[in-house]
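Just add 1 to the spot in the sequence shown (first one is 1) and you have our numbering.
Even for Gly, the Cβ is constructed at its ideal location relative to N, Cα and C.
The structure under discussion appears below in the form of structure tokens.
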Amino acid sequence: MQDIKRIELMVKVAQLYHEYHQTQQKIATLLNLSRPTVSRLLKEAEEEGIIRISVVNPLGEASELETALEKRFNLKKVIVVPSLNSSPQKIKERLGEKAAKYLHSIVRDGDIIAISWGTTLYEVALKVSPKRVSGVKVVQSNGAIGKKSSNDHGNETLHLISKAFNATSYSLPIPAIVDDKHVAELLKRESLTREIFALLDAANIVLFSIGIPTTNSILVEAGYFTPEDLAELQRKGAVGDICSRYFDINGEICDPELDARTVGLELDKLRGKPYSIAVAGSREKAPGIIAACKAGYINVLITDEAAAEEILQLENEENE
């Protein structure tokens, strides 16, 4: 707990700086402090939540891109973050921040949240803030054990989101893809996993990203696919995956045999969910996002400007 006098000093410094627009040097003179001390107190006040800075877009909450995408695909909500020639990691961080804020705004008592895994969802988990709700359950939407070590952050993502909502967490401690479809069916019927699949069916909020069949896919890193496997998926028309299930430009499963060996939430179950939230950015993911929107797998999209612009351009070209 901060010393009361120090908190009072932080508040006074913050008020002088932000409300009365005094310079740091002027504040230092008024309060008989050094300028570095004033700077340090302002920083601490921000870290402690005494100072809260927000930027208001004078053009309104929804940008033209957001409105265009909502109308184009009949989506409940679209949030577009700036790209600004940023690195992929920086864009993931922005997506994570916006997705975390949106998730925080919709969660209510008794909700069941299904979450996928991967680096984008991990950014969401890192940024979600606590909310006082009760009876919430958080469940992994697809198997999270790879054949070899990867940075999918599946368990950490589950833990952080569960902690934010004081929720009961349910992991799916089995591989995302198994070698035989009969094994996949057996796993679904196991007592350990039956409850999880029932929760997935009942989930009213589903949060996932959209992958693309490239050699830097996390499914390659986790040991599920070789580059040759991905080339075969591309040959079959794969444009993206949700929860390790690959689909073509029409949103149809492009490899039924592979899909039968995949353990987790089935894509058809996404249709009709109150909140089916895709968090995915980058121009390369535009075809997958389009396919998922048209197939009804998504009703909330959180993406970046580059992807949004590419989506609308591809759609316009198709209709010319």
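Open item on the list: Whole angstroms are fine: how far does the CA of glutamate 45 sit from the CA of isoleucine 219?
Closed with: 38 Å
Task: Span of the beta strand (DSSP E) around arginine 109 - done: Note, arginine 109: premise wrong, no beta strand (DSSP E); not H, not E.
Open item on the list: Helix, strand or coil, according to DSSP, for glycine 252 in the structure here?
Closed with: coil
- [ ] Per DSSP, which residues does valine 79 bridge with? Please list them.
- [x] Leu302
Task: Whole-angstrom distance between glutamate 191 and histidine 183, CA atom to CA atom - done: 13 Å
Task: Counted within 10 angstroms of its Cβ, other Cβ atoms place glutamate 67 as buried (16 or more) or exposed - done: buried
Task: Inter-stretch contact at 8 Å, needing at least 3 Cβ pairs: the stretch 171-178 / the stretch 193-204 - done: yes
Open item on the list: With distance defined between alpha-carbon atoms, name the residue in Leu271, Pro257 and Thr215 nearest to aspartate 202.
Closed with: Leu271
TODO: Determine, using beta carbons only, whether glutamate 157 and alanine 126 come nearer to each other than 8 Å.
DONE: yes
- [ ] Kindly indicate the opening and closing residues of the alpha helix (DSSP H) around lysine 138.
- [x] It is not in any alpha helix (DSSP H) - lysine 138 instead sits in the beta strand (DSSP E) that spans 138-141.
TODO: Specify the secondary structure class of tyrosine 18 as computed by DSSP and reduced to three states.
DONE: helix
TODO: For glutamate 62, collect the residues of the same chain with a Cβ closer than 6 Å to its Cβ; drop the 5 residues on either side in sequence, then sort them by chain order.
DONE: Reliability fails at glutamate 62, whose pLDDT of 42 lies under 50, so the model's placement of it is uncertain and the value that follows must be treated cautiously. If we look at glutamate 62 and ignore the five residues flanking it on each side, it has no Cβ neighbours.
Open item on the list: Quick check: cysteine 255 and glycine 238, are their CB atoms within less than 8 Å of each other?
Closed with: yes
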